[in-house]
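The sequence shown: position 8 = 47 (the numbering used here), numbered continuously. One structure is given below, encoded as C-alpha coordinates.
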Amino acid sequence: HLRSDSEASTQAIGGTRLRAIGGTFLRRLGDVVSQMGSSDFLAGPIEDIDTNSGTVTILGHEIAVSSTLNLGQIRIGYNAAVITCTPGDGSASALVTSDDYYQDGFSEVAVSGSVEAADPAIGRIIVNGVAVDYTPLLGDNPNLADLLTVGRHVLVHGFAY
(Lines of atoms letter the chains of each structure in order from A and count residues from 1; the text may use other names and numbers.)
(Lines give C-alpha, C1' and ligand atoms only; values in the text may rest on other atoms or scores of the structure.)
Protein backbone atom coordinates (compact mmCIF):
# COMPACT_ATOMS: atom_id res chain seq x y z
CA HIS A 1 0.00 0.00 0.00
CA LEU A 2 1.19 3.49 -0.77
CA ARG A 3 0.12 6.29 1.54
CA SER A 4 -1.40 9.29 -0.20
CA ASP A 5 -1.69 11.53 2.84
CA SER A 6 0.13 14.85 2.78
CA GLU A 7 2.87 13.73 5.20
CA ALA A 8 3.94 10.91 2.90
CA SER A 9 3.54 13.13 -0.15
CA THR A 10 5.71 15.85 1.34
CA GLN A 11 8.41 13.33 2.23
CA ALA A 12 8.34 11.90 -1.28
CA ILE A 13 8.64 15.32 -2.86
CA GLY A 14 11.32 16.63 -0.52
CA GLY A 15 13.50 13.55 -0.18
CA THR A 16 14.89 10.88 -2.41
CA ARG A 17 13.58 7.81 -0.55
CA LEU A 18 10.42 7.19 1.39
CA ARG A 19 9.56 4.18 3.52
CA ALA A 20 5.97 3.27 2.68
CA ILE A 21 3.64 1.09 4.72
CA GLY A 22 5.01 -2.43 4.92
CA GLY A 23 8.63 -1.31 4.87
CA THR A 24 8.94 -0.94 1.08
CA PHE A 25 11.32 1.81 0.04
CA LEU A 26 10.19 4.15 -2.68
CA ARG A 27 12.60 6.01 -4.92
CA ARG A 28 11.76 9.56 -5.98
CA LEU A 29 12.26 9.83 -9.74
CA GLY A 30 11.54 13.50 -10.10
CA ASP A 31 8.92 16.19 -10.03
CA VAL A 32 5.96 15.70 -12.34
CA VAL A 33 6.06 18.25 -15.14
CA SER A 34 2.82 17.15 -16.80
CA GLN A 35 0.44 14.25 -16.85
CA MET A 36 -2.54 13.18 -18.86
CA GLY A 37 -5.75 13.57 -16.85
CA SER A 38 -6.25 15.30 -13.53
CA SER A 39 -5.48 12.53 -11.08
CA ASP A 40 -3.94 13.63 -7.78
CA PHE A 41 -3.06 10.04 -6.93
CA LEU A 42 -2.18 7.32 -9.41
CA ALA A 43 -0.49 4.02 -8.61
CA GLY A 44 0.16 0.96 -10.74
CA PRO A 45 2.69 -0.81 -12.91
CA ILE A 46 5.11 1.05 -15.16
CA GLU A 47 3.95 0.16 -18.67
CA ASP A 48 6.47 2.17 -20.67
CA ILE A 49 9.61 4.27 -20.13
CA ASP A 50 10.86 6.79 -22.67
CA THR A 51 14.19 8.19 -21.49
CA ASN A 52 14.46 10.46 -24.54
CA SER A 53 11.26 12.35 -23.76
CA GLY A 54 11.45 11.84 -19.97
CA THR A 55 8.11 10.08 -19.70
CA VAL A 56 6.77 7.07 -17.83
CA THR A 57 3.38 5.45 -18.54
CA ILE A 58 1.27 4.17 -15.63
CA LEU A 59 -2.25 2.78 -16.20
CA GLY A 60 -2.27 4.38 -19.63
CA HIS A 61 -1.30 7.81 -18.25
CA GLU A 62 1.85 9.36 -19.68
CA ILE A 63 3.76 11.18 -16.93
CA ALA A 64 6.54 13.65 -17.82
CA VAL A 65 9.17 14.12 -15.12
CA SER A 66 11.58 17.00 -14.51
CA SER A 67 14.71 14.88 -14.75
CA THR A 68 15.58 11.78 -16.75
CA LEU A 69 18.58 10.93 -14.54
CA ASN A 70 16.80 8.21 -12.58
CA LEU A 71 14.73 6.74 -15.42
CA GLY A 72 17.56 4.41 -16.41
CA GLN A 73 17.39 2.78 -12.97
CA ILE A 74 13.78 1.61 -13.23
CA ARG A 75 12.19 -1.16 -15.25
CA ILE A 76 8.91 -1.78 -17.01
CA GLY A 77 6.75 -3.65 -14.53
CA TYR A 78 7.93 -1.84 -11.40
CA ASN A 79 5.24 -0.46 -9.11
CA ALA A 80 5.06 3.33 -9.29
CA ALA A 81 2.91 6.18 -8.05
CA VAL A 82 2.26 9.85 -8.70
CA ILE A 83 1.65 11.59 -5.40
CA THR A 84 0.36 15.15 -5.21
CA CYS A 85 0.31 17.30 -2.13
CA THR A 86 -0.36 20.92 -1.28
CA PRO A 87 2.37 21.87 1.21
CA GLY A 88 1.01 25.37 1.79
CA ASP A 89 2.79 27.25 -0.96
CA GLY A 90 1.08 25.46 -3.83
CA SER A 91 0.56 22.03 -5.28
CA ALA A 92 3.51 19.78 -6.07
CA SER A 93 3.69 16.28 -7.51
CA ALA A 94 6.39 13.65 -7.49
CA LEU A 95 6.79 10.35 -9.29
CA VAL A 96 8.00 7.59 -7.00
CA THR A 97 8.71 3.92 -7.64
CA SER A 98 9.73 0.82 -5.75
CA ASP A 99 12.05 -1.93 -6.87
CA ASP A 100 9.14 -4.37 -6.57
CA TYR A 101 7.57 -5.73 -9.72
CA TYR A 102 3.83 -5.48 -10.25
CA GLN A 103 2.00 -8.82 -9.94
CA ASP A 104 -1.46 -9.28 -11.49
CA GLY A 105 -4.09 -9.91 -8.86
CA PHE A 106 -1.65 -9.25 -6.00
CA SER A 107 -0.30 -5.71 -6.40
CA GLU A 108 -2.76 -2.88 -5.85
CA VAL A 109 -3.46 -0.13 -8.34
CA ALA A 110 -5.10 3.21 -7.55
CA VAL A 111 -6.42 6.26 -9.34
CA SER A 112 -8.24 9.36 -8.20
CA GLY A 113 -10.23 11.92 -10.08
CA SER A 114 -13.71 12.65 -11.31
CA VAL A 115 -15.98 9.91 -12.58
CA GLU A 116 -16.11 10.47 -16.34
CA ALA A 117 -18.70 7.79 -17.15
CA ALA A 118 -20.86 5.43 -15.13
CA ASP A 119 -22.75 2.31 -16.15
CA PRO A 120 -24.61 1.00 -13.10
CA ALA A 121 -26.15 -1.83 -15.17
CA ILE A 122 -22.74 -3.52 -15.35
CA GLY A 123 -21.15 -1.94 -12.25
CA ARG A 124 -18.45 0.03 -14.05
CA ILE A 125 -17.14 3.60 -13.88
CA ILE A 126 -14.38 5.38 -15.77
CA VAL A 127 -11.98 7.51 -13.69
CA ASN A 128 -9.35 9.43 -15.68
CA GLY A 129 -9.57 6.90 -18.50
CA VAL A 130 -9.24 3.87 -16.20
CA ALA A 131 -12.18 1.43 -16.20
CA VAL A 132 -13.17 0.37 -12.67
CA ASP A 133 -15.41 -2.66 -12.01
CA TYR A 134 -17.09 -2.14 -8.64
CA THR A 135 -19.41 -5.19 -8.72
CA PRO A 136 -17.48 -7.00 -5.93
CA LEU A 137 -18.44 -4.15 -3.56
CA LEU A 138 -22.17 -4.28 -4.24
CA GLY A 139 -22.75 -7.11 -1.74
CA ASP A 140 -21.77 -4.83 1.16
CA ASN A 141 -23.25 -1.67 -0.34
CA PRO A 142 -26.09 -2.32 -2.83
CA ASN A 143 -26.67 1.46 -3.24
CA LEU A 144 -23.08 2.18 -4.27
CA ALA A 145 -24.10 2.94 -7.85
CA ASP A 146 -26.18 5.86 -6.55
CA LEU A 147 -22.98 7.44 -5.17
CA LEU A 148 -20.75 6.85 -8.20
CA THR A 149 -22.19 9.47 -10.50
CA VAL A 150 -20.51 11.39 -13.30
CA GLY A 151 -18.53 14.33 -11.92
CA ARG A 152 -18.08 12.90 -8.43
CA HIS A 153 -14.46 12.94 -7.20
CA VAL A 154 -13.31 9.48 -6.07
CA LEU A 155 -10.20 7.62 -4.99
CA VAL A 156 -10.38 3.98 -6.00
CA HIS A 157 -7.92 1.21 -5.33
CA GLY A 158 -7.96 -2.49 -5.97
CA PHE A 159 -6.42 -5.12 -8.17
CA ALA A 160 -6.02 -5.24 -11.95
CA TYR A 161 -6.50 -8.46 -13.85
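Note that CB positions come from ideal geometry on N, CA and C, so glycine has one too. As the structure is a prediction and not an experimental result, all values here were calculated from the model.
For L187, three-class secondary structure by DSSP = Locating residue 187 in the sequence shown gives position 148, where the first residue counts as 1. Coil.
Expressed to the nearest angstrom, what Euclidean distance is found between the alpha-carbon atoms of A119 and A156?
-> Within the sequence shown, residue 119 is the residue found at index 80, counting from 1. Within the sequence shown, residue 156 is the residue found at index 117, counting from 1. Rounded to the nearest angstrom, the two C-alpha atoms are 25 Å apart.
Using the DSSP secondary-structure output, state which residues sit across from E147 in a beta bridge.
-> For the purposes of this step, residue 147 is taken as residue 108 along the sequence shown, with counting starting at 1. Answer is F198.
Enumerate in chain order the residues of its own chain whose CB-to-CB distance from L177 is below 8 Å, with the five nearest sequence positions on each side excluded.
-> Position 138 of the sequence shown holds residue 177. Answer for L177: G162, L183 and A184, listed in chain order.
Please go through the same chain and pick out, in chain order, the residues whose beta-carbon is closer than 7 Å to the beta-carbon of T94, but skip the five residues on each side of it.
-> As a first step, residue 94 must be located in the sequence shown, where it is residue number 55. The answer, listed in chain order, is E101, I102 and A103.
In terms of alpha-carbon separation, which member of D89, E86, N91 and G197 lies closest to V150?
-> Mapped onto the sequence shown, residue 150 falls at position 111. The candidate whose alpha carbon is nearest that of V150 is G197.
Which of helix, strand or coil DSSP assigns to T90 = Along the sequence shown, one-based indexing puts residue 90 at 51. Coil at T90, not helix or strand.
For T136 and I113, believed in contact at Cβ under 8 Å, the rounded distance = Within the sequence shown, residue 113 is the residue found at index 74, counting from 1. Within the sequence shown, residue 136 is the residue found at index 97, counting from 1. Correct: roughly 5 Å between the Cβ atoms.
Bridge partners of R163, per DSSP?
-> As a first step, residue 163 is located in the sequence shown; it is residue number 124 there, counting from the start. Answer is D158 and D172, bridged to R163.
Going by alpha carbons, who is nearest to I165 out of D89, A82 and V195?
-> For the purposes of this step, residue 165 is taken as the residue at position 126 of the sequence shown. I165 has its Cα closest to that of V195, out of D89, A82 and V195.
Reference R191, options G152, P84, I88 and V169, closest by Cα = Stepping through the sequence shown from its first residue, residue 191 is reached at position 152. It is G152.
Keeping to the same chain, check which residues put their C-beta closer than 7 Å to that of D89; ignore five residues upstream and five downstream.
-> For the purposes of this step, residue 89 is taken as residue 50 along the sequence shown, with counting starting at 1. Excluding sequence neighbours, D89 sits near nothing in its chain.
Please go through the same chain and pick out, in chain order, the residues whose beta-carbon is closer than 6 Å to the beta-carbon of Y141, but skip the five residues on each side of it.
-> Here residue 141 refers to the residue found at position 102 when the sequence shown is read from its first residue. Taken in chain order, the residues that qualify are P84, G116 and N118.
Take V171 and list the residues in its own chain whose beta-carbon comes closer than 6 Å to its own, dropping the five residues that flank it on each side.
-> For this step, residue 171 is matched to residue 132 along the sequence shown. Same-chain partners within the cutoff: I164 and V195.
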